[in-house]
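A quick write-up on the structure given underneath.
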Amino acid sequence: MNKRILGIFITLCLLVFSFQAVAFAAETQAKPNIVILATGGTIAGAGVTSTTTVGYTAAVTPVDKLISNVPELTKVANVSGEQVAQIASESMTMDIWLTLAKRVNQLLAQDNVDGIVITHGTDTLEETAYFLDLVVKSDKPVVLVGSMRPGTAMSADGPLNLYRAVILAGTKEAVGKGVMVMLNDTINAGREVTKTITDRVDTFQAPIIGALGVFTGDKPVFYRQSLRKNTTATEFDVTNLTTLPRVDIVYHYAGNAGTMIDAAVHADAKGIVHAGTGDGSIGKAEYPAIENALKKGVVVVRSARVGSGIIARNGEADDDKYGFIASDNLNPQKARILLMLALTKTNDVKEIQRMFWEY
Ligand code: DAS
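For the sequence shown, the positions run 0 to 358 when numbering that gives the first Met the number 0 is used.
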């Protein structure tokens with residue numbers, strides 16, 4: 000009799016176990032597979048006290064700790080992490096960009112990867128986002144996320160930003176939207192987002208154009224998408240690139256006579272982005288330096304220091320006469336990225352202007 004009961008008990012245990020195993024497998028199957036690529040920043044930062052929100056150390060928490068600090072992640076996705084870099088993003092390099100872009104493309108080509116989240120410092124997050132928007136070769140979601148307060152601070156914004164970025168990266172509606180930036184409940188396009196305030200959690204905005212959507216609770220809601228070509232629709236490919244052409248940004252201001260343009264030419268820049276006053280204006284005293292740059296074959300893009308709005312072609316400068324390119328509505332740091340990639344394809348200013356109208 001005991002043997003019989005034991006046999007029934009073991010059978011029941013096996014049944015319960017196999018049911019749980021099936022349920023676990025089904026649940027795992029149902030959740031998206033998201034890879035978190037960590038690069039550093041405040042989201043991986045730590046301060047001495049819980050009220051330290053300036054003067055903390057960025058880029059100290061490793062990716063596996065970022066993940067384990069948000070146990071809720073396991074409820075919304077099957078998450079794995081890789082440490083691509085561990086830097087404050089003001090020190091971002093073109094080498095890290097190329098490594099990151101190639102790793103993103105490698106992972107997204109795998110059937111068992113549904114989306115990617117990149118943790119990043121906020122200082123150059125908008126630049127990495129636009130660079131990836133132009134070179135990622137997949138429609139799968141790529142979401143950059145950062146934070147304005149270190150993880151040790153009271154009301155740290157990083158954990159919830161990371162949690163929502165992972166949800167977004169696993170959301171079907173996020174497919175085909177280009178590279179996105181997720182902070183402070185807001186979903187922005189990598190092309191248009193920029194850091195607008197030095198020290199507030201609502202710093203990332205898309206001036207004039209607006210966000211792609213927002214989070215309501217744990218739910219992402221999209222209201223628009225960018226009409227500009229991105230990811231799989233671009234002509235740019237980093238596969239065989241080991242470096243990017245040197246492009247410098249020069250800032251215009253009252254009294255400027257082009258010294259920094261001369262410096263960029265001396266440093267062998269292949270392109271210069273002019274951050275002009277107003278609608279991309281160039282001061283009379285700058286022209287000798289600019290004409291020297293043009294003579295040396297340097298490609299010049301006119302952007303503006305004002306931070307938003309369209310640079311009208313042939314508005315504040317004779318672009319046709321000088322062969323300048325108008326940056327459309329790209330701010331200087333974004334225009335630099337498109338010009339660097341354009342110069343991997345051509346030096347023809349008409350072709351490059353076309354690219355500024357398309358991307
Ligand atoms: N220094 C900033 C950076 O790493 C910190 C941050 O805001 O992420 O970009």
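Cβ atoms here follow ideal geometry from the backbone N, Cα and C, with glycine treated the same way.
Backbone CA spacing between residue i and residue j [nearest angstrom]
i: residue 127; j: residue 254; result: 33 Å
i: residue 2; j: residue 13; result: 16 Å
i: residue 348; j: residue 323; result: 7 Å
i: residue 99; j: residue 83; result: 7 Å
i: residue 339; j: residue 325; result: 15 Å
i: residue 159; j: residue 223; result: 23 Å
i: residue 235; j: residue 81; result: 25 Å
i: residue 318; j: residue 301; result: 9 Å
i: residue 55; j: residue 144; result: 19 Å
i: residue 269; j: residue 246; result: 6 Å
i: residue 164; j: residue 181; result: 6 Å
Three-state class that DSSP yields for residue i in the structure shown
i: residue 290; result: helix
i: residue 109; result: coil
i: residue 11; result: helix
i: residue 301; result: strand
i: residue 193; result: strand
i: residue 160; result: helix
i: residue 46; result: coil
i: residue 56; result: strand
i: residue 152; result: coil
Under 8 Å between C-beta atoms of residue i and residue j
i: residue 65; j: residue 43; result: yes
i: residue 108; j: residue 40; result: no
i: residue 248; j: residue 274; result: yes
i: residue 34; j: residue 135; result: no
i: residue 211; j: residue 221; result: yes
i: residue 138; j: residue 148; result: no
i: residue 284; j: residue 260; result: no
Endpoints, beta strand (DSSP E) assigned at residue i
i: residue 85; result: 77-86
i: residue 250; result: 246-250
i: residue 333; result: Premise fails: residue 333 lies in the alpha helix (DSSP H), 331-341, not in any beta strand (DSSP E).
i: residue 209; result: Neither: residue 209 is in no beta strand (DSSP E) and is coded neither H nor E.
i: residue 218; result: 218-221
i: residue 273; result: 270-275
Cβ neighbour criterion (16 or more within 10 Å) applied to residue i
i: residue 37; result: buried
i: residue 194; result: buried
i: residue 281; result: buried
i: residue 199; result: exposed
i: residue 239; result: exposed
i: residue 196; result: exposed
i: residue 132; result: buried
i: residue 74; result: exposed
i: residue 96; result: buried
Start and end residues, alpha helix (DSSP H) containing residue i
i: residue 67; result: 62-67
i: residue 147; result: Unbroken run through residue 147: none, as it is neither H nor E.
i: residue 281; result: No alpha helix (DSSP H) holds residue 281; DSSP gives it neither H nor E.
Contact test: residue i Cβ vs the ligand ADP heavy atom, cutoff 7 Å
i: residue 54; result: Of the ligands one can find in the structure shown, namely the ligand DAS, none is the ligand ADP.
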